[in-house]
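Below is one structure, written out as structure tokens; comments come after it.
In the working numbering, the protein residues as written are 40 to 110.
Structure (structure tokens):
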């Protein structure tokens, strides 16, 4: 008769989800939370600036490509 190999892992009464809920959430330092929020805003501003530059460069590239292709 064939036996099922469980890969050496033992089954416990707790699921992984139950174990994750047992871990207490760490306290959030208000200064850290404020710093994270500021960094998030800075990253958003930087990404907006990059997007603007890429859009401008793309428009110039397309105009140049259309002119050269139409000659």
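Positions of the beta carbon are idealized from the N, C-alpha and C atoms, including for glycine.
In this structure, does DSSP put residue i in helix, strand or coil?
i          : result
residue 69 : helix
If we define contact as Cβ-Cβ less than 8 angstroms, is residue i a contact residue for chain D?
i          : result
residue 70 : Chain labels in this structure do not include chain D; a single protein chain is all it has.
Tell me which residues share the same chain as residue i and place their Cβ nearer than 7 angstroms to its Cβ, disregarding the 5 neighbours each side in the sequence.
i          : result
residue 71 : none
With a CB to CB cut of under 8 angstroms and the five nearest residues on each side skipped, what residues in its chain are close to residue i?
i          : result
residue 66 : none
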